[in-house]
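*Asks:* The structure follows.
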Amino acid sequence: MDRQRQAHHGTEQREEGAGPPRHVRVAIVGSGFGGLGAAVRLRQEGITDFVVLERGDAVGGTWRDNTYPGAACDVPSHLYSYSFAPNPDWRRAFSRQSDIRAYTEHVTDVFGIRPHLRLRHEVQRLTWDGAALLWRIETTGADFTADVVVSATGPLSDPVVPDVPGLDGFPGEVFHSSRWNHGTELSGQRVAVVGTGASAAQIVPRVQPAAAALTVFQRTPPWVLPKLDRPITTAERLLHRHIPLTAAARRGALWAVRELQVRAFTRGTGELRAAQAIARAHLARHIKDPALRAALTPSYRMGCKRILLSNDYYPALTRPNTTVVASGLAEVRGSTLIADDGTATEADVIVFATGFRVTNLPVAERVVGADGTTLAESWDQGMRSLRGIAVDGFPNFLTIIGPNTGLGNSSMILMIESQLNYLADFMRQLRILGGRTALAPRPEAVASWGDFVERRLEHSIWNTGNCRSWYLDRFGRNTTLWPGTTGEFRRLLREVDLGEYEILRTAPADLAAPAVPAAPGRSGSAAVPSTTAPAPEAAA
Ligand code: NAP
1 MDRQRQAHHG TEQREEGAGP PRHVRVAIVG SGFGGLGAAV RLRQEGITDF VVLERGDAVG
61 GTWRDNTYPG AACDVPSHLY SYSFAPNPDW RRAFSRQSDI RAYTEHVTDV FGIRPHLRLR
121 HEVQRLTWDG AALLWRIETT GADFTADVVV SATGPLSDPV VPDVPGLDGF PGEVFHSSRW
181 NHGTELSGQR VAVVGTGASA AQIVPRVQPA AAALTVFQRT PPWVLPKLDR PITTAERLLH
241 RHIPLTAAAR RGALWAVREL QVRAFTRGTG ELRAAQAIAR AHLARHIKDP ALRAALTPSY
301 RMGCKRILLS NDYYPALTRP NTTVVASGLA EVRGSTLIAD DGTATEADVI VFATGFRVTN
361 LPVAERVVGA DGTTLAESWD QGMRSLRGIA VDGFPNFLTI IGPNTGLGNS SMILMIESQL
421 NYLADFMRQL RILGGRTALA PRPEAVASWG DFVERRLEHS IWNTGNCRSW YLDRFGRNTT
481 LWPGTTGEFR RLLREVDLGE YEILRTAPAD LAAPAVPAAP GRSGSAAVPS TTAPAPEAAA
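1 is the number of the first residue of the sequence shown in this note's numbering; add one for each residue after it.
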């Protein structure tokens, strides 16, 4: 038995950071909802030989990082939580960041994840060793080797600050919405907020009352709907606590409504017209000045960009200390901010609410696959994957919230949980196959899945709504969103189809071993994997 397998079987545990890297069955990268969920799922499957590598000093992912004033979720609390960890005590219909963050800590404790956590372990390099069939993992803490890597770094984790000429010479404070500088006093300051996405719409109403002057740089106006938020009553909480079925029913109803909405986005044929009329009325109700109203009226169809939910964004924009510059930030000259339309604004602080690196993930530059290419190089022409979770050239590597798994209208936790089902089956298949084995996605299976997704996106509002959004990559291709219901995605990821993988083994003895029968219903077999990737539709 080789060294790694001895460690894997628990007979040889090394102190991490001293001597050769410790070997684990699974290394999870990231401890947001995806990484924590993967950890819980592995434990539920009886797998305890894993670590969760986290670059920060706490769990929570995006909900740990985004501490900006007003940070809250725009998906209802009872849906934006794990199905396996219902929380009867949500305090509001839409939770605030602090409550969601506390929930992730709670899940970490209740499901025994803490001993697996390796905080301040930022992954520097993940290299596939094709001879040993394992991943070599270098981190800022200890190094590891792992049979399987689950990359759960999230698409909304690395901020984008636009490369604005002159920004370096700005004398005041500058920070990104997801890296809020709580040490900066905003009261009495001239604050500029750049961007009008979901983050800015929450920040603006909270910053406006204290600021001496607030300028919002708006390149593209968002569609904004009223947010039906309210505190959850004590009676409701008691009911959910003592009769859990009521909480499940509430979640079910929230889920079903959103499932029914999906076609309005994917068909792109105008089903969102009624919602668009509500948004126009919301705008008209709050913005009386015709010039400001015109500036805040989108010229693209609703749904093309993320729809915002807010009751206080528009009112904040009408306050005397607030100015909307309907133009992007083009240049900074000392403390003067110059917009694309030439408007000049003085500022003491600049807040960039300018989004994240979604379609060019920095972590992809650190993952080196079977032929020595990085994941970033492999995705140079656009991200692609098998079922949003596996990538050809990267064996035994699963990405939670991979390409085309994002949603425009529902809870990402639902998508994550579908991917956890797939992860569980992936681990089961490896166990059944036995020995030192790796599953390498077949390029034709990846291509088939990519074509299927692309075809489905063709007529979607995201592709045809006449806007530019973070859903599209630099080629204008939508490599981020899932063009179906969460129920369909769940069905498509229920189990691993071995026909979509090549089975890799190390030792010649293993290669000569008799064929291991695949689990019932699988199209591949261990000894002779199928060479044709079935069309995803067939699996739907
Ligand atoms: P975002 O949606 O990517 O918005 C970035 C904003 O910055 C856009 O308005 C963009 O304008 C603008 N921008 C970029 N460069 C600019 C420049 N030079 N001058 C002026 N404006 C510029 O980022 P985000 O608001 O952080 O949201 C990202 C995603 O995170 C959301 O879509 C959502 O999925 C999630 N999120 C959710 C919540 C929630 O649950 N409530 C809250 C925050 C974030 P263009 O539109 O013209 O590109």
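Positions of the beta carbon are idealized from the N, C-alpha and C atoms, including for glycine.
1. Relative to the C-alpha of G334, which residue among S83, D497, E173, R114 is closest?
2. For P298, which residues in the same chain have their Cβ closer than 6 Å to its Cβ, ignoring the five residues on either side in sequence?
3. Once the 5 residues before and after D341 are set aside, which same chain residues still bring their CB inside 7 Å of it?
4. Roughly how many angstroms lie between the CA atoms of A210 and V216, to the nearest whole one?
5. Which residues in the same chain have their Cβ closer than 6 Å to the Cβ of S95, if we skip the five residues on either side of it in sequence?
6. Does the Cβ of G17 have 16 or more other Cβ atoms within 10 Å, making it buried, or fewer, making it exposed?
7. First and last residue of the beta strand (DSSP E) that includes F50?
8. Whose C-alpha, out of A339, L492, L430, S448, is nearest the C-alpha of V164?
9. With DSSP run on the structure shown, which of helix, strand or coil describes N478?
10. Measuring straight from C-alpha to C-alpha, what distance separates N463 and G112?
11. How far does the alpha helix (DSSP H) with A316 in it reach, from first residue to last?
12. Give a yes or no on whether the C-beta atoms belonging to R293 and Q208 are separated by under 8 Å.
13. Might you give, ordered along the chain, the residues of its own chain that have their beta carbon closer than 7 Å to the beta carbon of R568, omitting 5 neighbours on each side?
14. Cβ of Q202 within 7 Å of any heavy atom in the ligand NAP?
15. Would G402 and R477 be called neighbours here (beta carbons separated by less than 8 Å)?
16. Does the ligand NAP have a heavy atom nearer than 7 Å to the CB of C73?
17. Taking 8 Å as the threshold, find out whether the segment 300-311 comes into contact with the segment 450-470 through three or more Cβ pairs.
18. Using the Cα positions of A93 and A264, report the straight-line distance between them to the nearest angstrom.
19. DSSP has A339 in a bridge; who is on the other side?
20. Could you pull the start and end residues of the beta strand (DSSP E) that F217 belongs to?
21. Tell me whether P514 sits in a helix, a strand or coil according to DSSP, three-state version.
22. From the DSSP output, in three-state form, read off F426 for me.
23. Checking the sheet assignment: what are the DSSP bridge partners for P231?
24. Which class does P20 belong to by DSSP, given the choice of helix, strand or coil?
25. To the nearest angstrom, report how far apart R190 and I350 are at their CA atoms.
26. From the DSSP output, in three-state form, read off H8 for me.
27. Which full runs of the alpha helix (DSSP H) of 4+ residues lie inside the segment 79-125, going along the chain?
28. Apart from the five residues just before and just after A344, which ones in its own chain have a Cβ nearer than 6 Å to its Cβ?
29. For T485, which residues in the same chain have their Cβ closer than 6 Å to its Cβ, ignoring the five residues on either side in sequence?
30. Which residues does DSSP pair with P159 in a beta bridge?
31. Taking only three categories from DSSP, how would you classify L260?
32. Is V351 a contact residue of the ligand NAP, with contact defined as CB to any heavy atom under 7 Å?
33. Count Cβ pairs between the segment 353-363 and the segment 449-460 that sit closer than 8 Å; are there 3 or more?
34. What are the boundary residues of the beta strand (DSSP E) that S469 is part of?
35. Please classify H121 as buried or exposed, where buried requires at least 16 other C-beta atoms within 10 Å of its C-beta.
36. Quick one: Cα of D158 to Cα of L361, how far?
*Replies:* Concretely, from the data shown:
1. The residue given as residue 334 occupies position 334 in the sequence shown. Of S83, D497, E173, R114, the residue nearest in Cα terms is E173.
2. Working through the sequence shown from its first residue, we reach residue 298 at position 298. Once the five neighbours on either side are set aside, the close Cβ partners of P298 are P221, W223.
3. The sequence position of residue 341 within the sequence shown is 341, counting from 1. Closer than 7 Å at the Cβ level, and outside the excluded window around D341, lie S327.
4. As a first step, residue 210 must be located in the sequence shown, where it is residue number 210. As a first step, residue 216 must be located in the sequence shown, where it is residue number 216. Cα-Cα distance, rounded: 15 Å.
5. The count along the sequence shown starts at 1 and reaches residue 95 at position 95. C73, S77.
6. Here residue 17 refers to the residue found at position 17 of the sequence shown. Counting Cβ neighbours within 10 Å, G17 comes out exposed, since fewer than 16 surround it.
7. Indexing the sequence shown from 1 puts residue 50 at position 50. It spans 50-53 - the beta strand (DSSP E) in which F50 sits, taken as one unbroken run.
8. Here residue 164 corresponds to residue number 164 of the sequence shown, with the count starting at 1. Among A339, L492, L430, S448, the Cα nearest to that of V164 belongs to A339.
9. Your numbering for residue 478 matches position 478 in the sequence shown. Three-state result, N478: strand.
10. Against the sequence shown, residue 463 aligns to sequence position 463. Against the sequence shown, residue 112 aligns to sequence position 112. If you take the alpha carbons of N463 and G112, they lie about 42 Å apart.
11. Mapped onto the sequence shown, residue 316 falls at position 316. 313-317 is the extent of the alpha helix (DSSP H) around A316.
12. Residue mapping note: residue 293 aligns to position 293 of the sequence shown, counting from 1. Residue mapping note: residue 208 aligns to position 208 of the sequence shown, counting from 1. It is not a contact, given that the beta carbons lie outside the stated cut-off.
13. The requested residue 568 is not part of the displayed model; the chain covers only 1 to 540.
14. The residue given as residue 202 occupies position 202 in the sequence shown. At least one heavy atom of the ligand NAP is nearer than 7 Å to the Cβ of Q202, so yes.
15. Within the sequence shown, residue 402 is the residue found at index 402, counting from 1. Within the sequence shown, residue 477 is the residue found at index 477, counting from 1. Taking 8 Å as the Cβ cut-off, G402 and R477 do not qualify as a contacting pair.
16. On the sequence shown, residue 73 is found 73 positions in, with the first residue counted as 1. Yes.
17. yes
18. Counting from one through the sequence shown, the residue named residue 93 turns up at place 93. Counting from one through the sequence shown, the residue named residue 264 turns up at place 264. Going from the Cα of A93 to the Cα of A264 covers about 24 Å.
19. Start at 1 with the first residue of the sequence shown, and residue 339 comes out as number 339. Note: A339 sits in a beta bridge opposite L329.
20. Locating residue 217 in the sequence shown gives position 217, counting from the first residue. Element bounds for F217: 213-217.
21. The residue you call residue 514 lines up with position 514 of the sequence shown. Caution applies to P514, whose pLDDT of 37 falls short of 50 and renders its modelled position unreliable; the model cannot decide the point.
22. Sequence index remark: in the sequence shown, residue 426 carries index 426 (1-based). Correct three-state label for F426: helix.
23. Locating residue 231 in the sequence shown gives position 231, where the first residue counts as 1. Answer by DSSP bridge pairing, in chain order: R92.
24. Residue numbering aside, residue 20 sits at position 20 when the sequence shown is read from its first letter. DSSP places P20 in coil when its eight states are reduced to three.
25. Within the sequence shown, the letter at position 190 stands for residue 190. Within the sequence shown, the letter at position 350 stands for residue 350. Rounded to the nearest angstrom, the two C-alpha atoms are 9 Å apart.
26. Position 8 of the sequence shown, counted from the start, is the residue given in the question as residue 8. Here H8 scores only 38 on pLDDT, less than 50, and its place in the model should not be relied on; the value that follows carries that caveat. Residue state, collapsed to three classes: helix.
27. 97-110
28. On the sequence shown, position 344 is the one that residue 344 refers to. Answer for A344: T336, I338, listed in chain order.
29. Within the sequence shown, the letter at position 485 stands for residue 485. Answer for T485: E259, V262, listed in chain order.
30. The residue given as residue 159 occupies position 159 in the sequence shown. Note: P159 sits in a beta bridge opposite F356.
31. Taking the sequence shown and counting its residues from 1, one reaches residue 260 at position 260. Here L260 sits in helix by DSSP.
32. Taking the sequence shown and counting its residues from 1, the one referred to as residue 351 is at position 351. For the ligand NAP, not one heavy atom lies less than 7 Å from the Cβ of V351.
33. no
34. In the sequence shown, residue 469 corresponds to position 469, counting from 1. It is not in any beta strand (DSSP E) - S469 carries neither H nor E in the DSSP assignment.
35. Translated into the one-based positions of the sequence shown, residue 121 becomes position 121. With 16 or more Cβ atoms within 10 Å of its Cβ, H121 is classed as buried.
36. Along the sequence shown, read from residue 1 onward, the residue named residue 158 stands at position 158. Along the sequence shown, read from residue 1 onward, the residue named residue 361 stands at position 361. The alpha-carbon atoms of D158 and L361 are separated by roughly 8 Å.
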